[in-house]
Amino acid sequence: MSSPDLTEDDRARLVSELMSARRAVRDAGEDRAGMAEARHRVEAAKVALGERGPAWWTDGAPDYNRHLVKNTPYADWFSDLK
Numbered sequence: 208m209s210s211p212d213l214t215e216d217d218r219a220r221l222v223s224e225l226m227s228a229r230r231a232v233r234d235a236g237e238d239r240a241g242m243a244e245a246r247h248r249v250e251a252a253k254v255a256l257g258e259r260g261p262a263w264w265t266d267g268a269p270d271y272n273r274h275l276v277k278n279t280p281y282a283d284w285f286s287d288l289k
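Everything in the sequence shown is counted per this note's numbering, starting at 208 for the first residue and increasing by one.
Rendered as structure tokens:
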């Protein structure tokens, strides 16, 4: 989900850039420099949209991203899935 703080014009512009960058990734083929540049563009667009990078929401819940499940309150639930 995109950050709700973006204007509709900014969101549309960034989504357009993201789609263009994804096409550039597809079209880069064996061109390593072109692929790296295209992937950089994808990352930059996703961060600008709020899909990656710091969380734009504040729900007060702890952030367990980048934690092993065994080190979170979900450890027991996860172990029961096996």
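Beta carbons are placed, not taken as given, at the ideal position from N, Cα and C, and that holds for glycine. Owing to the predicted nature of the structure, the values given are computational and were not obtained by experimental measurement.
Check                                                                                                   : Outcome
Would the beta-carbon of residue 232 fall within 7 Å of that of residue 243?                            : no
Rounded to the nearest angstrom, what separates residue 268 and residue 240 at their Cα positions?      : 40 Å
Judging by CA-CA distance, which residue of 230, 257, 236, 229 is the nearest neighbour of residue 217? : 257
Does the separation of the CB atoms of residue 215 and residue 252 fall below 7 Å?                      : no
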